[in-house]
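Each residue of the sequence shown is one higher than the last, beginning at -15 in my numbering. From the three backbone atoms N, C-alpha and C, an ideal C-beta is built for every residue, glycine too. Just so we're clear, the structure is a prediction, and the values are computed from it rather than from any experiment.
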Amino acid sequence: MYGTGLLKGLGITLKHALDTFRDDSKDVPSRYADSIQLDNRRRIIEQPIDQEGLLTIQYPEEKRLLPERFRYIPMLIWDTQKNEDLCTACGICAKVCPPQCIWIVRDADENGRPVARPAEFYIDAAVCMSCSFCTEFCPFDAIKMNHDYELAVYDRYPQLVYDKEELTVPVEYYAALWPSQYAAEEEVRQRKEAEARAKEEAKAKAAAEKAKAADAPAQKRSPEELQALKEQAAAKAKAARSGGAAGGEDAEAKKARLEELKRKAQERAKQRKEQGE
Ligand code: SF4
Ligand code: SF4
């Protein structure tokens, strides 16, 4: 019927308008007032929101609560227990970044040899497109997406080119911002550490058993066995000596044979000389 679509559209608009008043009256927790100081964890929506209407948020007095998976600009994670960067300056994030807005300089020791940590790390936030590829590909969980979106400044350079110091946050900050992701990563990390520990222990046990098996025959020999081994060794030495004497006889026989040959040669020479005369 002519006008059905129009009426349907108006009905949907009206529903959204009414839902907005309903949400407002129920104080749906999708926003918070900036005057209320919330820690990062409480700025995250932890339950699915029962929100149907289109809330107007009076920014900046009010701000939207963010879902955990909200992402803006990357941040670098600092391991507060080990007191070091998780980043090893491997450069994978810089390679996979589609708009190429990451620059890394690897650190070096006093002899100029490269060290697996960044000396400098820059991200151009004006170019970053919040794709999160860098965090997906980082093999060390060293770079994660920050929720902080209030980055407005007057000039792009240098304010929007963040250096290592500006990008670095403690691991606890990341854990508060991404609680379920952090918990899942922690579980995997702990499982891998337990597996590596079990492997090391099994290796050490196998090495100890091998060493014990190698020592075992010497430990088990009785005094009688040792005496028998001694006698065997003495008999072998005697046989070697008698073999040496036989060798001496051989030498005598050889000498006699040579003397005989020499004598025969002298006789032949004498005969030839007589025939020649
Ligand atoms: S953040 Fe990750 S991927 Fe990027 S250089 Fe550091 S360790 Fe490598
Ligand atoms: S979020 Fe995307 S664009 Fe931004 S630094 Fe990471 S890879 Fe590059």
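Which residue marks the beginning of the alpha helix (DSSP H) containing residue i, and which one marks its end?
i	result
tyrosine 158	155 to 161
glutamine 151	For clarity, residue 151 is leucine in the given sequence; the question names glutamine instead. Element bounds for leucine 151: 148 to 151.
alanine 79	The sequence shown places lysine at residue 79, not alanine. Note, lysine 79: alpha helix (DSSP H), 76 to 80.
glutamate 120	117 to 121
What does DSSP give as the partner residue(s) for residue i in the beta ladder?
i	result
arginine 90	Pro102
isoleucine 127	Leu60
valine 137	Note: valine 137 sits in no beta bridge, so no partner.
Is residue i near ligand 2, in the sense that its beta carbon is under 7 Å from a heavy atom of that ligand?
i	result
methionine -15	no
cysteine 118	yes
methionine 113	yes
proline 163	no
glutamate 51	The residue you asked about is not glutamate; residue 51 is proline in the sequence shown. Checking the Cβ of proline 51 against ligand 2 gives no.
valine 80	yes
proline 123	no
proline 58	yes
Taking 7 Å as the cut-off, does the CB of residue i come closer than this to any heavy atom belonging to ligand 1?
i	result
cysteine 85	no
isoleucine 107	no
glycine 75	yes
alanine 126	yes
isoleucine 88	yes
threonine 72	yes
Could you have a look at residue i and say whether DSSP puts it in helix, strand or coil?
i	result
valine 172	helix
proline 58	strand
isoleucine 41	coil
glutamate 68	strand
aspartate 132	coil
aspartate 108	strand
With a cut-off of 8 Å, do at least 3 Cβ pairs link the region 78 to 95 to the region 176 to 190?
No: the two stretches stay apart, fewer than three of their Cβ pairs being nearer than 8 Å.
Check whether the region 97 to 106 and the region 39 to 57 are in contact - that is, three or more C-beta pairs closer than 8 Å.
The region 97 to 106 is not in contact with the region 39 to 57.
Counting pairs of Cβ atoms below 8 Å between the region 140 to 150 and the region 163 to 181, do you hit three or more?
No, the region 140 to 150 does not touch the region 163 to 181.
With a threshold of 8 Å, are at least 3 pairs of Cβ atoms found where one atom belongs to the region 68 to 75 and the other to the region 112 to 121?
Verdict: no, contact absent.
Count Cβ pairs between the region 192 to 201 and the region 151 to 169 that sit closer than 8 Å; are there 3 or more?
No, the region 192 to 201 does not touch the region 151 to 169.
For the region 151 to 159 and the region 76 to 90, state whether three or more C-beta atom pairs, one from each stretch, are separated by less than 8 Å.
Flag = no, the region 151 to 159 and the region 76 to 90 do not touch.
Would the region 122 to 136 and the region 45 to 60 be scored as touching if the rule is three or more Cβ pairs under 8 Å?
Under the Cβ criterion (8 Å, minimum of three pairs), the region 122 to 136 counts as touching the region 45 to 60.
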